[in-house]
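Residue numbers (my numbering), protein chains in the order written: chain A, 1273 to 1573; chain B, 251 to 582.
Don't be surprised by glycine CBs; every beta carbon is placed ideally from N, CA and C.
Note that the structure is predicted; figures quoted are calculated from it, not measured.
Here it is as structure tokens:
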């Protein structure tokens, strides 16, 4: 049975917003697993870490398995310490997003996050031999490679995950582009990223929306949407489908994907309701279909 | 004291000979396919060309480092393995790798071959670097261009391998090996295809009012006034609009190039073993002037003589330059 997961919140949502968000997710969303933890900016973690134990308990009461995700960029002392502390956890599964975490985790079981670049069967085989039990594939991997990677991973007994909804992570940097946009630097950012719950839109000089800025991360303007592709993904051996939290009704998004996975609703119908939920954000599935990532390819039947 | 090795770009056999003649301690190059991160038309080596290049470099006591630093997508791993087999057969001195599967293959198949960890692996902490050293026997790490010199000095004390840093050329500001911007706009991937803002997708459009737009795959990356020189449309060096800003601005970075000439003494003192000059896409004359200028400067500094830094600074004439992340945390 294909599992539906919710990825970690990429944005700097306030503690109160997060509490409300996860309370609804816990009670109402048809999700199997939820990833928690700050992946993008270590400066944000102190704002929401105090709530983590309560959030975990709440989600678990709601029948969700909780996995903790580590930082994608590890450079400073506090980032090295945060990574070391996280991977030392025995109470929960951890998803590692930086090789620094791999060193500390050793051969203890762990998940490989989307920032770890598990692009191929050789890398996946290597990671499995070092304790990986589950792999989230890179967002830009096309279907032909997903198929081969998933088959090898399943033969090794690993879970395989693909992002099927939400903005794609396109780049990370040491520089904070949110701070830069407001004439500040990362050390003096005053948490200006809090203003943009769905990322700060960047347009081209001729006014076409193109990218989103989220602190040190650059994201796609479009929401990746692989709703019509869920059946193929499951048939190809992908065991987990990941929804990335956006500032929209994520319970309804999860319900749409669940309905399609369960065969309770045709993808076209669920797609139409998903379209209504997502406002003006364009949908894309180009990475999956091996074309420009921003494109939306209608499924060939 | 750091030997201050100069690692120089060789996009073509002619550039390789030029770099070696100008004093390179080592040159880095790749094959004409997706196995390296500069898979640009007209660049790189056939196996025969690489064989001659290795012979020429070795005759002048220079080393040849083969870049196999992209990430094979599942189903295409054999291309990378075969490139490694060819490189080993032709006697290159080290492989520059990023993917764990590629590193594992080389470490198992050619245990005596030197492995360098590419900047594409994005190892920016002692722990990440040690992971690659302990598991694959990596002998040198090429550090991401995101660290300050005090941070590099601190890392040096905690790792068992040599450090190589970029000192001159393109100023990449996204964490390398984690950037899909080009694939998002063009359908060609930096990680899987070795392509960044490909020339085949570039257009320059002259408008009626004399302004000029630069485009990548149909997206405007910048617009230039009549008096401005139009730059190449690299996504992370473009101008964009944001809701709270009245005019388009360089959202990521201005079109500047990296020049750490003034920081050379400090970098040597920090224990940086080797300095990388970027620019496999550059001309022979560029390679000659940059390599010979840095050769003289490094030799002067190591001999305790004052180096003529002014000449190095002048190399980027006409182009704005930066010390990027290296000089101060304020860059971030």
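Under a three-way DSSP split, which group does residue 383 of chain B fall into? In the second chain, residue 383 of chain B corresponds to position 133, counting from 1. Three-state result, residue 383 of chain B: helix.
Is any beta-carbon of chain B found at less than 8 Å from that of residue 1287 of chain A? Position 15 of the first chain holds residue 1287 of chain A. Chain B contact via Cβ: absent.
Determine the DSSP secondary structure at residue 1266 of chain A, reduced to helix, strand or coil. Because residue 1266 of chain A is not part of the residues shown, which for chain A are 1273 to 1573, the question remains open.
Does the CB of residue 1512 of chain A have a neighbour CB from chain B at under 8 Å? Counting from 1 along the first chain, the entry for residue 1512 of chain A is found at position 240. Not an interface residue.
Can a CB atom of chain B be found closer than 8 Å to the CB of residue 1387 of chain A? As a first step, residue 1387 of chain A must be located in the first chain, where it is residue number 115. With 8 Å as the cut-off, residue 1387 of chain A counts as an interface residue toward chain B.
Taking only runs of the alpha helix (DSSP H) that begin and end inside the segment 473–534 of chain B, which ones reach a length of at least 4 residues, in chain order? 514–519
Taking only beta-carbon atoms, is residue 1560 of chain A less than 8 Å away from chain B? Translated into the one-based positions of the first chain, residue 1560 of chain A becomes position 288. No - not a single Cβ of chain B is within 8 Å of the one on residue 1560 of chain A.
Taking 6 Å as the limit between beta carbons, can you name the residues of its chain near residue 1458 of chain A, skipping five residues before and five after? Taking the first chain and counting its residues from 1, the one referred to as residue 1458 of chain A is at position 186. Taken in chain order, the residues that qualify are 1448, 1451.
Going along chain A in order, which residues have a C-beta closer than 9 Å to the C-beta of residue 579 of chain B? Walking along the second chain from the start, residue 579 of chain B turns up at place 329. In chain order: 1457, 1458, 1459.
Under 8 Å between C-beta atoms, does residue 1284 of chain A make it to chain B? On the first chain, residue 1284 of chain A is found 12 positions in, with the first residue counted as 1. For residue 1284 of chain A, the answer is no, since every Cβ of chain B falls outside 8 Å of its Cβ.
Run down chain D in chain order and give the residues with a C-beta less than 8 Å from the C-beta of residue 436 of chain B. Annotation note: the requested chain D is absent from the structure, which comprises protein chains A and B.
Could you tell me whether the Cβ of residue 1393 of chain A comes closer than 8 Å to any Cβ of chain B? On the first chain, position 121 is the one that residue 1393 of chain A refers to. For residue 1393 of chain A, the answer is yes, since a Cβ of chain B falls inside 8 Å of its Cβ.
Please report the straight-line C-alpha distance between residue 1453 of chain A and residue 492 of chain B, rounded to a whole angstrom. Start at 1 with the first residue of the first chain, and residue 1453 of chain A comes out as number 181. Start at 1 with the first residue of the second chain, and residue 492 of chain B comes out as number 242. Taking the straight line from one Cα to the other gives about 8 Å.
If the cut is a Cβ gap below 9 Å, which residues of chain B does residue 1477 of chain A touch? Locating residue 1477 of chain A in the first chain gives position 205, where the first residue counts as 1. What residue 1477 of chain A touches in chain B: 463, 470, 471, 472, 473, 488, 489, 490, 491, 498.
Suppose only complete runs of 3+ residues qualify. What are the beta strand (DSSP E) ranges in the segment 388–413 of chain B, listed by chain order? 390–392
For chain B, check one thing: does any of its Cβ atoms lie closer than 8 Å to the Cβ of residue 1448 of chain A? Residue numbering aside, residue 1448 of chain A sits at position 176 when the first chain is read from its first letter. Judged by the 8 Å Cβ criterion, residue 1448 of chain A is in contact with chain B.
Got a sec: which bits of the segment 316–328 of chain B sit with their beta carbon under 8 Å from any beta carbon on chain A, in order along the chain? 321, 322, 323, 324, 325, 326, 327
Collapsed DSSP secondary structure at residue 580 of chain B in the structure displayed: On the second chain, residue 580 of chain B is found 330 positions in, with the first residue counted as 1. Helix, per DSSP.
Could you tell me whether the segment 273–293 of chain B touches the segment 311–319 of chain B, where touching means 3 or more Cβ pairs closer than 8 Å? yes
Contact list for the segment 1328–1351 of chain A against chain B, Cβ threshold 7 Å: 1345, 1346, 1347
By Cβ distance, which residues of its chain are closer than 8 Å to residue 1295 of chain A, with the 5 residues on each side in sequence left out? Walking along the first chain from the start, residue 1295 of chain A turns up at place 23. Excluding positions up to five away in sequence, the list reads 1330.
Determine, for residue 1474 of chain A, whether the minimum Cβ-Cβ distance to residues of chain B falls below 8 Å. Here residue 1474 of chain A refers to the residue found at position 202 when the first chain is read from its first residue. For residue 1474 of chain A, the answer is yes, since a Cβ of chain B falls inside 8 Å of its Cβ.
Residues of chain A with CB closer than 7 Å to the CB of residue 423 of chain B, please, in chain order. Within the second chain, numbered from 1, the residue matching residue 423 of chain B stands at position 173. Under the 7 Å cutoff, chain A gives 1445, 1447.
Residue 1416 of chain A to residue 1538 of chain A span [Cα, whole Å]: Indexing the first chain from 1 puts residue 1416 of chain A at position 144. Indexing the first chain from 1 puts residue 1538 of chain A at position 266. The alpha-carbon atoms of residue 1416 of chain A and residue 1538 of chain A are separated by roughly 24 Å.
Touching or not, the segment 433–444 of chain B and the segment 529–546 of chain B, by the rule of three or more beta carbon pairs under 8 Å? no
Is the CB of residue 1361 of chain A under 8 Å away from at least one CB in chain B? Indexing the first chain from 1 puts residue 1361 of chain A at position 89. Residue 1361 of chain A does not count as touching chain B.
What does residue 433 of chain B touch in chain A if you count any residue whose Cβ is under 9 Å from its own? Reading the second chain from its first residue, position 183 is the one you call residue 433 of chain B. Residues of chain A passing the Cβ test: 1412, 1442, 1558, 1559, 1564, 1565.
Close beta carbons around residue 575 of chain B, own chain, < 7 Å, minus the five adjacent residues each side: Within the second chain, residue 575 of chain B is the residue found at index 325, counting from 1. Correct list, in chain order: 395, 396, 397, 398, 581, 582.
Alpha-carbon to alpha-carbon, residue 301 of chain B and residue 389 of chain B: Numbered from its first residue, the second chain carries residue 389 of chain B at position 139. Numbered from its first residue, the second chain carries residue 301 of chain B at position 51. Each residue's Cα considered, the two are about 24 Å apart.
If we cut at 8 Å on Cβ distances, does residue 1536 of chain A have a partner in chain B? Looking up residue 1536 of chain A in the first chain gives position 264. By this cut-off, residue 1536 of chain A is not an interface position.
Determine the closest residue to residue 294 of chain B out of B/309, B/310, B/277, B/308, with distance taken between C-alpha atoms. Taking the second chain and counting its residues from 1, the one referred to as residue 294 of chain B is at position 44. For residue 294 of chain B, the nearest C-alpha among the options comes from B/277.
Measure how close the beta-carbons of residue 356 of chain B and residue 334 of chain B come, nearest whole angstrom, since I'm counting them as under 8 Å. Taking the first residue of the second chain as position 1, residue 356 of chain B is located at position 106. Taking the first residue of the second chain as position 1, residue 334 of chain B is located at position 84. With 8 Å as the limit, residue 356 of chain B and residue 334 of chain B qualify as a contact, their Cβ atoms being about 5 Å apart.
Straight-line CA distance for residue 1566 of chain A to residue 440 of chain B? Counted from its first residue, the first chain places residue 1566 of chain A at position 294. Counted from its first residue, the second chain places residue 440 of chain B at position 190. Using only the alpha carbons, I get a separation of about 16 Å.
Burial state of residue 454 of chain B, where buried means 16 or more other Cβ atoms lie within 10 Å: Counted from its first residue, the second chain places residue 454 of chain B at position 204. Label assigned to residue 454 of chain B: exposed.
Residues in its own chain within less than 7 Å of residue 1444 of chain A by CB, not counting five upstream and five downstream? On the first chain, position 172 is the one that residue 1444 of chain A refers to. Cβ neighbours of residue 1444 of chain A beyond the five flanking positions: 1344, 1345, 1488, 1489.
What does residue 1417 of chain A touch in chain B if you count any residue whose Cβ is under 7 Å from its own? Translated into the one-based positions of the first chain, residue 1417 of chain A becomes position 145. Going along chain B in sequence order, the residues near residue 1417 of chain A (Cβ under 7 Å) are 323, 324, 325.
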